[in-house]
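Chains as they are written, first to last, in our numbering: chain A, 1 to 143; chain B, 1 to 143. Have a look at the structure below before the remarks.
2 protein chains.
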Amino acid sequence: MKLTTKSRYGTRLMLDMAEHYNQGPIRLGDIAKRQDISAKYLEQIIIPLKKAHYVASVRGPKGGHILAKPPEEISVGEIVALLEQGTSLVECSEHAEVCGRSATCPTRHLWREAAQAMFEKLRSITLADLVRMEKTRPSSQEA
Amino acid sequence: MKLTTKSRYGTRLMLDMAEHYNQGPIRLGDIAKRQDISAKYLEQIIIPLKKAHYVASVRGPKGGHILAKPPEEISVGEIVALLEQGTSLVECSEHAEVCGRSATCPTRHLWREAAQAMFEKLRSITLADLVRMEKTRPSSQEA
DNA sequence: ATATTATATATTGTTTAAGTATACAATAAT
DNA sequence: ATTATTGTATACTTAAACAATATATAATAT
Chain A
1 MKLTTKSRYG
11 TRLMLDMAEH
21 YNQGPIRLGD
31 IAKRQDISAK
41 YLEQIIIPLK
51 KAHYVASVRG
61 PKGGHILAKP
71 PEEISVGEIV
81 ALLEQGTSLV
91 ECSEHAEVCG
101 RSATCPTRHL
111 WREAAQAMFE
121 KLRSITLADL
131 VRMEKTRPSS
141 QEA
Chain B
1 MKLTTKSRYG
11 TRLMLDMAEH
21 YNQGPIRLGD
31 IAKRQDISAK
41 YLEQIIIPLK
51 KAHYVASVRG
61 PKGGHILAKP
71 PEEISVGEIV
81 ALLEQGTSLV
91 ECSEHAEVCG
101 RSATCPTRHL
111 WREAAQAMFE
121 KLRSITLADL
131 VRMEKTRPSS
141 QEA
């Protein structure tokens with residue numbers, strides 16, 4: 001039930017770009033160093049974010065990546081949903097056919113509600129919120 | 001980010017026992033058949049549930065397992081927390097030391113809040129609720 | 001004494017997560 | 001034009017975790 005590194009690193013990747021919003025293209029290499037994540041791995045993680053038009057890119061020297069929307073308009077929920085490939089906690093939430101019991105299984109709805117509660121929370125927090133949190137309390141912030 | 005089969009099967013295991021509450025010890029073999037889960041695997045899954053005193057057992061012929069508390073007093077949240085070994089979505093929620101960035105990482109709190117939202121929902125639903133749901137609407141129940 | 005249940009421990013197979021490696025394409029600076 | 005620097009695309013590898021299975025043992029109702 002743990003989050004994958006894709007959504008965790010992906011969130012930090014996006015947060016790093018949010019922190020440097022309006023500073024032109026940011027190199028993945030720089031983000032990799034700042035966040036201490038393999039640059040090669042970040043290259044993979046950013047692909048779906050580009051396809052979904054959260055991120056734009058510029059090739060060549062002085063190139064890099066930029067957020068395609070302001071940080072206020074990108075929620076963590078969107079990022080996680082994208083990188084975890086959906087908002088469900090069990091396969092049968094989205095694909096009832098994987099289990100013959102789907103039609104009558106009382107636990108099925110349970111997992112959907114739990115996932116909903118989680119994503120509602122995540123969708124309520126934007127990259128701008130995170131940047132603000134970081135600035136306000138450089139360390140030891142409480143929930 | 002998917003739930004493991006342990007918590008999913010474990011919930012169905014407990015629900016099956018709730019459905020047969022006050023009917024004496026229930027054989028794991030019977031549950032395995034009804035739920036279409038490997039009996040051997042259920043034997044493993046039930047171990048932590050016994051250790052946590054949600055389930056009691058009787059050996060020998062006519063033996064089996066029984067819920068140690070009424071279904072009203074066992075929430076899905078407790079079952080899942082037990083079988084997923086905690087209520088966190090990332091390692092650093094519980095063990096800050098696994099990541100050098102824990103002290104200042106703004107995303108850390110994020111994951112804790114998301115997990116909290118999810119478990120609040122799960123803790124609000126008991127086995128008795130699930131039994132009731134099943135009886136009220138034998139199929140096609142909506143959230 | 002026997003059949004039937006649970007218990008304990010070890011082992012195995014499979015999948016997925018996580019990360020690397022290599023080759024290619026675009027472009028700014030010179 | 002050439003070169004260095006960035007991103008892009010695809011394939012590959014490794015390790016861990018998940019999901020079971022197998023075997024042997026212990027308790028107990030009949």
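Ideal Cβ placement from N, Cα and C applies to all residues, glycine included. Here the structure is a predicted model, which means the values were calculated and not measured.
For residue 57 (chain A), the nearest candidate out of A:123, A:17, A:9 and A:118 (CA to CA): Residue A:17 is the option with its Cα nearest to residue 57 (chain A).
Segment limits, alpha helix (DSSP H) that includes residue 103 (chain B): Premise fails: residue 103 (chain B) is in no alpha helix (DSSP H) and is neither H nor E.
Which residues DSSP lists as bridging residue 90 (chain A), in chain order: Note: residue 90 (chain A) sits in no beta bridge, so no partner.
Cα-Cα separation between residue 87 (chain B) and residue 117 (chain A), rounded to whole angstroms: In this model, residue 87 (chain B) and residue 117 (chain A) are separated by some 14 Å (Cα to Cα).
Below-8 Å beta-carbon distance, residue 17 (chain A) vs any chain B residue: So, not an interface residue.
Where residue 97 (chain B) falls, given that 16 or more other Cβ within 10 Å makes a residue buried: Residue 97 (chain B) should be labelled exposed.
Whether residue 112 (chain B) touches residue 75 (chain B) by CB criterion (8 Å): No.
Exposure of residue 103 (chain B), with buried meaning 16 or more beta-carbon neighbours within 10 Å: With fewer than 16 Cβ atoms within 10 Å of its Cβ, residue 103 (chain B) is classed as exposed.
Length at least 4, wholly inside the stretch 14-83 of chain B: the alpha helix (DSSP H) runs in chain order: Those alpha helix (DSSP H) runs which fall completely within the stretch 14-83 of chain B and span 4+ residues are 28-35, 39-51 and 76-83.
Chain B contact residues for residue 97 (chain A), given Cβ-Cβ distances below 8 Å: Close to residue 97 (chain A), with beta-carbon spacing below 8 Å, lies no residue of chain B; the smallest spacing is near 16 Å.
Limits of the alpha helix (DSSP H) - the one that residue 137 (chain B) falls within: Counting along the chain, no alpha helix (DSSP H) covers residue 137 (chain B), and no H or E run does either.
Counterpart residues of residue 126 (chain B) in DSSP-defined beta bridges: Paired residues: B:75.
CB-CB length for residue 67 (chain B) against residue 54 (chain B), believed under 8 Å: The pair is a contact, with the Cβ atoms about 7 Å apart (cut-off 8 Å).
Cβ pair count under 8 Å reaching 3, the stretch 123-134 of chain A against the stretch 5-22 of chain A: The stretch 123-134 of chain A vs the stretch 5-22 of chain A: in contact.
Pair within 8 Å by beta-carbon distance, residue 49 (chain B) and residue 35 (chain B): No. Outside cutoff.
Inter-residue spacing [alpha-carbon to alpha-carbon] between residue 11 (chain A) and residue 65 (chain B): Taking the straight line from one Cα to the other gives about 44 Å.
Buried versus exposed call for residue 61 (chain A) [16 or more other C-beta atoms within 10 Å across all chains shown]: By the neighbour-count definition (other C-beta atoms within 10 Å, threshold 16), residue 61 (chain A) is an exposed residue.
C-beta atoms of residue 7 (chain A) and residue 94 (chain A) nearer than 8 Å: With respect to the 8 Å criterion, residue 7 (chain A) and residue 94 (chain A) are not classified as neighbours on the basis of their beta carbons.
Interface partners of residue 12 (chain B) on chain A, CB under 7 Å: Contact of residue 12 (chain B) with chain A by beta-carbon distance below 7 Å involves 107.
As assigned by DSSP and simplified to three states, the class of residue 2 (chain B): Three-state DSSP puts residue 2 (chain B) in coil, outside helix and strand.
Exposure label - residue 142 (chain B); buried when at least 16 CB within 10 Å: Any reading at residue 142 (chain B) must be qualified, since the residue scores a pLDDT of 49, below 50, and its modelled position is unreliable; the value itself is stated next. If you draw a 10 Å sphere on the C-beta of residue 142 (chain B), you find fewer than 16 other C-beta atoms in it, and that means exposed.
Proximal residues to residue 27 (chain A) (C-beta, below 7 Å), its chain only, five neighbours per side dropped: Within the same chain, 64 come within 7 Å of residue 27 (chain A) by CB-CB distance, once the 5 residues on both sides are set aside.
Residue 106 (chain A) classed as buried or exposed, judged by whether at least 16 other C-beta atoms fall within 10 angstroms: Buried, by the Cβ-count rule.
8 Å Cβ cutoff met for residue 37 (chain A) and residue 9 (chain A): The beta carbons of residue 37 (chain A) and residue 9 (chain A) sit closer together than 8 Å.
Distance between residue 125 (chain B) and residue 114 (chain A) (C-alpha atoms, nearest Å): Between residue 114 (chain A) and residue 125 (chain B), the alpha-carbon positions lie close to 10 Å from each other.
Per-residue contacts from residue 94 (chain A) into chain B (C-beta, under 8 Å): Per Cβ cutoff of 8 Å: no residues; residue 94 (chain A) is ~11 Å from chain B at best.
Where residue 73 (chain A) falls, given that 16 or more other Cβ within 10 Å makes a residue buried: Within 10 angstroms of the beta-carbon of residue 73 (chain A) lie fewer than 16 other beta-carbons, which makes it exposed.
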